[in-house]
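Chains as they are written, first to last, in the numbering used here: chain W, 864 to 937; chain F, 2 to 269.
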């Protein structure tokens, strides 16, 4: 049963990665909003960069989720 | 022995008899699902349905009326959006990639949205085509193949200067070359993985909340009120969030494809 327990604990630990990515994504959107409120004129031009940053950061959280899925269902 | 333990895990995760992973199961509709056999599966069916919906959507908006109606305006705003995005990222040379980027964008968008349809009869349920890495992987490989083909066609061996940024000190060149090469090679995987796992995770989340609602109702009125109603409200909000994620993932896939093609076209 130890292996089974270790799998479940590992899946739970992998969820920490999702939380870390949440902090990163929140930082990106927060910074964007901060900049956009200071200079609303320039905000629309930076949306593509915002989404690139979001996508790259989010991917790390999703990889953590993949590890969780692999441990639980793989 | 390990197989037995895995069954136990899946049963544990079921939560009130609802297995959140069974919605991704590929089932043959015609033919048999075996190695070396061709079968028409529910995945193929939903791809065809997606194609049909896209066809109707585009056909309704491509009548070229002088005074555009709402439908034509909707189609024109989507095409204009992608056209803008591609041209602003690749430059005037990007015009020839608009059809490809638009195809990818609209297919992913419609497949994502149709997988989220809240209809389900016994055994028949919406299938999210993009929740399988095989589908997203093929699309990512297509983008990557275009990058390679355009890069080597246009720049020949100078394409390798993509891996060495301008103004790199000479001792750093071998190290940076390797790092940039790895980050270049990882692109198709990250492109495919992002879309596939975002869709999978979102649908699992919705199914887990749905199982909370059903288990709460089954457990009696008090627990039902305490658990089911908050879970249902949360499910509502998560569904709205998923709609946003569907659009964002389609946009991100198209945007990153455009950026990668920009690398090949213009060699930073």
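Even glycine gets a Cβ: it sits at the ideal position worked out from N, Cα and C.
Small disclaimer: the values here were computed from a predicted structure and weren't measured.
Against chain F: residues of the stretch 874-904 of chain W by CB proximity under 8 Å: For the stretch 874-904 of chain W, the set of positions with a beta-carbon nearer than 8 Å to some beta-carbon of chain F is empty.
At least 3 beta-carbon pairs within less than 8 Å: the stretch 912-925 of chain W vs the stretch 24-31 of chain F: Judged by Cβ distances under 8 Å, the stretch 912-925 of chain W makes no contact with the stretch 24-31 of chain F, as fewer than three pairs qualify.
Own chain, CB closer than 6 Å to residue 189 of chain F, minus 5 neighbours either side, in chain order: Here residue 189 of chain F corresponds to residue number 188 of the second chain, with the count starting at 1. Excluding positions up to five away in sequence, the list reads 141, 142 and 145.
Residue 127 of chain F versus F:208, F:181 and F:155, residue with shortest Cα-Cα distance: Looking up residue 127 of chain F in the second chain gives position 126. When the alpha-carbon of residue 127 of chain F is set against those of F:208, F:181 and F:155, the nearest one is in F:208.
Chain-order list of residues whose beta-carbon lies under 6 Å from that of residue 106 of chain F (same chain, five-residue window excluded): For the purposes of this step, residue 106 of chain F is identified with residue 105 of the second chain, where counting begins at 1. Beyond the five residues adjoining it in sequence on each side, residue 106 of chain F comes within less than 6 Å, by CB distance, of 83, 251 and 255 in the same chain, given in chain order.
Rounded straight-line distance, which links the Cα of residue 43 of chain F to that of residue 35 of chain F: Taking the second chain and counting its residues from 1, the one referred to as residue 35 of chain F is at position 34. Taking the second chain and counting its residues from 1, the one referred to as residue 43 of chain F is at position 42. Roughly 15 Å separates the two Cα atoms.
Bridge partners - residue 202 of chain F, DSSP secondary structure assignment: One-based indexing of the second chain puts residue 202 of chain F at position 201. Partner(s): none; residue 202 of chain F has no beta bridge.
Contact with chain W by residue 15 of chain F, beta-carbon distance below 9 Å: On the second chain, position 14 is the one that residue 15 of chain F refers to. Summary for residue 15 of chain F: the model assigns pLDDT 44, below 50, so the residue's position carries little reliability, and this model does not support an answer.
Any C-beta of chain F under 9 Å from that of residue 918 of chain W: Start at 1 with the first residue of the first chain, and residue 918 of chain W comes out as number 55. It does; some Cβ of chain F falls within 9 Å.
Residue environment, residue 102 of chain F, which counts as buried when at least 16 other CB atoms sit within 10 Å: Sequence index remark: in the second chain, residue 102 of chain F carries index 101 (1-based). Result: buried.
Limits of the unbroken beta strand (DSSP E) element including residue 100 of chain F: Here residue 100 of chain F refers to the residue found at position 99 when the second chain is read from its first residue. Following the DSSP letters along the chain, one finds residue 100 of chain F in no beta strand (DSSP E) but inside the alpha helix (DSSP H) bounded by residues 99-116.
Collapsed DSSP secondary structure at residue 29 of chain F in the structure displayed: For the purposes of this step, residue 29 of chain F is taken as the residue at position 28 of the second chain. The answer is strand: DSSP assigns residue 29 of chain F an E or B state.
Residue 151 of chain F vs residue 262 of chain F beta-carbon contact at 9 Å: Translated into the one-based positions of the second chain, residue 151 of chain F becomes position 150. Translated into the one-based positions of the second chain, residue 262 of chain F becomes position 261. Contact check for residue 151 of chain F against residue 262 of chain F passes: the beta carbons are separated by less than 9 Å.
Interface partners of residue 913 of chain W on chain F, CB under 9 Å: For the purposes of this step, residue 913 of chain W is taken as residue 50 along the first chain, with counting starting at 1. Residue 913 of chain W does not reach chain F, its nearest Cβ partner there being about 10 Å away, counting only Cβ pairs nearer than 9 Å.
With 16 other Cβ atoms within 10 Å as the buried cut-off, status of residue 31 of chain F: On the second chain, residue 31 of chain F is found 30 positions in, with the first residue counted as 1. Using a 10 angstroms sphere on the CB of residue 31 of chain F, the tally of other CB atoms stays under 16, which defines it as exposed.
C-beta contact flag for residue 877 of chain W and residue 931 of chain W at 9 Å: As a first step, residue 877 of chain W must be located in the first chain, where it is residue number 14. As a first step, residue 931 of chain W must be located in the first chain, where it is residue number 68. It is a contact, given that the beta carbons lie within the stated cut-off.
Limits of the unbroken alpha helix (DSSP H) element including residue 84 of chain F: To locate residue 84 of chain F, count along the second chain from 1; it is residue 83. Boundaries of the alpha helix (DSSP H) harbouring residue 84 of chain F: 71-91, taken from the DSSP string.
Ranges of the beta strand (DSSP E) found wholly within the stretch 145-210 of chain F, counting only runs of at least 3: Qualifying beta strand (DSSP E) stretches: none in this window.
C-beta atoms of residue 265 of chain F and residue 155 of chain F nearer than 9 Å: Residue mapping note: residue 265 of chain F aligns to position 264 of the second chain, counting from 1. Residue mapping note: residue 155 of chain F aligns to position 154 of the second chain, counting from 1. In contact: residue 265 of chain F and residue 155 of chain F (Cβ atoms closer than 9 Å).
Pair within 9 Å by beta-carbon distance, residue 197 of chain F and residue 232 of chain F: Translated into the one-based positions of the second chain, residue 197 of chain F becomes position 196. Translated into the one-based positions of the second chain, residue 232 of chain F becomes position 231. No, they are not a contact pair.
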